[in-house]
Every structure is written in structure tokens, then in C-alpha cells.
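Numbering (my numbering), first residue to last: 2 to 430.
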């Protein structure tokens, strides 16, 4: 059945947006195992944050529908096939990536309760409880809100309008793929789960990349699609880990060391291409200046905020200063990418480092210009840890537009990590 027909025919009581607990990003499971082993009793609060205030989610999405989808997610548990895939598959060249004690816990997991409240034209959606359980709400919660917003727009379209819409969206993506085919040595993965148009559309995008890019397409962050399509599950770690470790730090000295404590724990569990540094949580330059020498031996760096070319040049200089050969290192670009930026960065850095791309929202949700009023344009929605054991979390990043946390704590973190003035870059997706 084609996607347009599937969207048009709603003959079931509920059309589940999230179909499985592994309809999530691979790095969430890697981080969850790490948290399960190292910080299992930490109590956290995660909260939805709509950076795009011009999108009135509560006006667009019916609260009853939203609750129905969230309740459905709470009913999910791992199937036997999903458990077998996680237990027996090889990830990043390693068998039994997920250890028996973690898998036993995961097999018995149901996600904890949520709190939903309408505040003006937005929703306040929070999750509270033990860190390993609550963290697994992030990706499905975002996917539900993004897809319900899309459904609200699609419900106004007729059957032929839907067919034309998806035909145009397919053509738009295929034209991007045709441009990317010309890049020699391209390595590109789907990172688009959290802000996708829909599950079915993300699945189609992965099939299109497999067909159009061949070996240049290295995999998807979505575990369920990786399982169903027999492709690599891709992902390393996220800002969540240093944000919570930092919030737990008892004083400024411990705070300064928290980001390295995260990676020391990660170092004990993972090797090879899972040893990827995400340096920008509290400013890339300061992080690299203070980094212990053993981190320079890691495989690479992911650049997720600020100007990506500047970030890559900073990483190259750092490796050279630490006696490492940049041509053997991996730089993963993952912030706000589209085809033009991918081509530009590939041409600039291929040969100087090993280059890879995590293509997100503008792969799996680029319906810009395809409906009146641009009502399907992607927007910036996140679900972040906002407290840990009652202490506020903070994120600075290399772009002040992405900073989050109470003003006084943001000021303290800037002082502790030596973060000065930063260039503001508009956050669109």
C-alpha cells in the first residue's frame, strides 16, 4: 500500500505512531545501558521544549489524541523477536553489545507515567522517575508530537491531494539523493527519527537511500527500521549524559570534571567507532583545551552546534597538537544538515579527516513548500533532561540559541567552563 492511501484510510480505532520500544534511536539504548550500570538510582525530570513558539502545538493537536498515543506507548514491551535481535546481533563489529542484566531489565520494562497539561497554545509534557526508565521517553514523545502535528494538516487534504503531496516529497528527496551520488567516498546515515514526518515516511526514506546511495548509506539511527530493513543501527552518545553528570556535581571542581567522567565511564564499555567525543555541551574549545590525553586517542568527534566547518578545523588543530594524525580520525557532522551543506563540508574536509554525516530532520521531514502556508515545515522541538536529583541541568553548546537552564546556573556554568561570547546561529530544525 502506498503512503498516501495509508494516510487516507483510517479504519482502525487508533493508528499507533510508535509501534515498538525499539522505534527509537540506537544511541538511546547504548546510553540507557551505560546509565543502568553507572547511575541507575538517579531521579530525573525530562520536559518537552518547543523552541519554535510560532507553532501552537496545543491548538493543532487534540489533547485526547495525544493522550491516546502516549498511553499506547506505555503499553508497549519488547517482543521476543526484538529481544533476540538486540541480544544476538552484531553492532559496530561487537556481539552481545547489550549485556544480559540490562536485557533482562529491558524485557520487563514499561515506560513510566507522564504529566500532560495545556498552557496557552502549547503543551507542558513532563516525565519523572529513575533515569534509565525516563530517558526512553524522549524519542517516542517527540515522534508522537511531530506526527500528530502533521496529521492535523493532512486531515484537511483530499485523497488526490495526498497522492500529489507524497509524490512531490518523494521527488524532492530523490533529487537530493541524485546530487549526493556524485560525492566520492561519501558516508551518510539517517539520524531523523525524533523529528520525522512519520514512521512510514522515515521507512521510505531509508529504502530510498539504500536504493539511491548504495554503500554510501551506512545505516539508520532507528533500531526498528534497522532490524526490519537489515541495515546497520548507527549512534554513539548525546548531550544528555554530561548534562545529568554535571547537575549531580557537588561543587565547581567536580562540575568542571563531569564531562570527562562521562567519557571515562563510556571508555570502560565501548571501543572503536563508538568512542566518539561530543565536545560542545559546555563549549567545544574549553572542553578540548582541558581534555585528558587519553581522549585524543578516541576514534573521532561529532559536531552538533555552532559553525560546522569551524568545529572541524578546531578538532583538526587539537588532534595535531596532541600528536594524532587527523587523516585517521572521524568527524561526524549532525547539526541541521541538508544536501548543500553536506556537499560543502564533504568537499572541504574529505581527505583531511574521515568524514561522515548524520542527516536528520531535512531527510525525514522536508515537506517545506509543499502545502499552503508551509504548514508542514519542520520546526525545532526537543525533549531534554531538565533536572537530576532535584538539581537543574544546563546546556550551553557552541550556539547560545541552543542554551538551556536557569539564568543563574547558565551564568555559573559559563564561568566554570570559561565560555565567553558566542556567535548566534538561528535554530530552524
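We treat Cβ as the ideally placed atom computed from N, Cα and C, and that holds for glycine.
Residues that residue 51 bridges to, as DSSP identifies them: According to DSSP, which records beta bridges pairwise, residue 51 is partnered with 382.
Nearest candidate by alpha-carbon position, reference residue 356, set 87, 35, 341, 328: Selection 87, 35, 341, 328 evaluated against residue 356 yields 328 as nearest (Cα-Cα).
Inter-stretch contact at 8 Å, needing at least 3 Cβ pairs: the stretch 185–195 / the stretch 220–227: Short answer: they touch.
Segment limits, beta strand (DSSP E) that includes residue 123: From DSSP, the beta strand (DSSP E) with residue 123 extends over 123–131.
Cβ-based burial, residue 99 [other Cβ within 10 Å; buried from 16]: Residue environment analysis places residue 99 among the buried positions, since at least 16 neighbouring C-beta atoms fall within 10 angstroms of its C-beta.
When 412, 216, 236 are compared against residue 393, the one with the closest alpha-carbon: Closest option to residue 393, judged by alpha-carbon separation, among 412, 216, 236: 412.
Backbone secondary structure at residue 13 - three-state DSSP: With a pLDDT of only 48 at residue 13, under the threshold of 50, the placement of this residue in the model should not be trusted; the figure read from the coordinates follows. It is coil, neither helix nor strand.
Secondary structure, beta strand (DSSP E): runs of 3+ residues fully inside the stretch 145–210: Those beta strand (DSSP E) runs which fall completely within the stretch 145–210 and span 3+ residues are 189–191.
Whole-angstrom C-beta distance between residue 7 and residue 158, which should lie under 8 Å: By a beta-carbon distance limit of 8 Å, residue 158 does not contact residue 7. Their separation comes to about 14 Å.
Residue burial classification, residue 352 (beta-carbon count within 10 angstroms, cutoff 16): Its Cβ having fewer than 16 others within 10 Å, residue 352 is exposed.
Integer Cβ distance of residue 381 from residue 53, believed to fall under 8 Å: Contact between residue 381 and residue 53 holds: CB atoms are separated by about 5 Å, below the 8 Å threshold.
Three-way DSSP call (helix, strand, coil) for residue 46 in this model: In the three-state DSSP reduction, residue 46 falls in the strand class (E or B).
Cutoff 7 Å; reference residue 153; Cβ partners in own chain excluding five residues on either side: The residues are 61, 62.
Residue 247 (DSSP reduced to helix, strand or coil): Here DSSP, grouped into helix, strand and coil, assigns residue 247 to helix.
Other residues of its chain near residue 30: CB distance less than 6 Å, five sequence neighbours each side excluded: Only residues of its own chain outside the window of five on either side were considered, and among them none has a CB closer than 6 Å to the CB of residue 30.
Pairwise C-alpha distance: residue 239 and residue 403: If I take the Cα positions, the gap works out to 14 Å.
Three-state secondary structure assigned by DSSP to residue 62: Coil at residue 62, not helix or strand.
Residues bridged to residue 95 [DSSP beta-bridge criterion]: Beta-bridge pairing links residue 95 to 92.
Residue 18 in three-state terms, based on DSSP: DSSP places residue 18 in the coil class of the three-state scheme, outside both helix and strand.
Whole-angstrom distance between residue 109 and residue 118, CA atom to CA atom: Using only the alpha carbons, I get a separation of about 29 Å.
Separation of residue 255 from residue 348, as counted between CA atoms: The straight-line gap from Cα to Cα measures roughly 41 Å.
Extent of the continuous alpha helix (DSSP H) to which residue 258 belongs: From DSSP, the alpha helix (DSSP H) with residue 258 extends over 253–270.
Spatial neighbours of residue 419 in its chain, beta-carbon cut-off 7 Å, leaving aside the 5 residues before and after: The residues are 287.
Proximity of residue 83 and residue 131 at Cβ, strictly below 8 Å: In this structure, residue 83 sits away from residue 131, with a CB-CB distance that is not shorter than 8 Å.
Beta-carbon proximity of residue 234 to residue 187, cut-off 8 Å: The answer is no: Cβ separation not under 8 Å.
Cα-Cα separation between residue 280 and residue 160, rounded to whole angstroms: Near 47 Å, if we compare the C-alpha coordinates of residue 160 and residue 280.
Closest by C-alpha distance to residue 19, when choosing among 301, 250, 139: For the set 301, 250, 139, the Cα lying nearest the Cα of residue 19 is the one of 139.
Beta-carbon gap between residue 245 and residue 46 smaller than 8 Å: Remark: C-beta atoms of residue 245 and residue 46 do not approach each other more closely than 8 Å.
Contacts around residue 56, its chain only, beta-carbon distance under 6 Å, and the 5 residues preceding and following it disregarded: For residue 56, where only same-chain residues beyond five positions count, the Cβ hits under 6 Å are 380.
Cβ-Cβ distance between residue 354 and residue 313 below 8 Å: Closer than 8 Å, so yes.
Contacting residues, own chain, Cβ-Cβ under 6 Å from residue 227 (five flanking each side not counted): Listed in chain order, the non-local C-beta contacts of residue 227 below 6 Å within the same chain comprise 221, 234, local neighbours out to five positions each way being set aside.
Beta-ladder partner(s) of residue 118, from DSSP: Its beta-bridge partners are 125.
Contact check, residue 297 vs residue 325, beta carbons under 8 Å: For the 8 Å CB-CB criterion, residue 297 and residue 325 form a contact.
Cβ pair residue 388, residue 359 closer than 8 Å: Residue 388 places its beta carbon 8 Å or farther from that of residue 359.
Status (buried if at least 16 other CB within 10 Å, exposed otherwise) for residue 183: Burial call: exposed.
Buried versus exposed, by CB contacts within 10 Å (16 or more), residue 33: Looking at its Cβ environment, which holds 16 or more other Cβ atoms inside 10 Å, residue 33 is buried.
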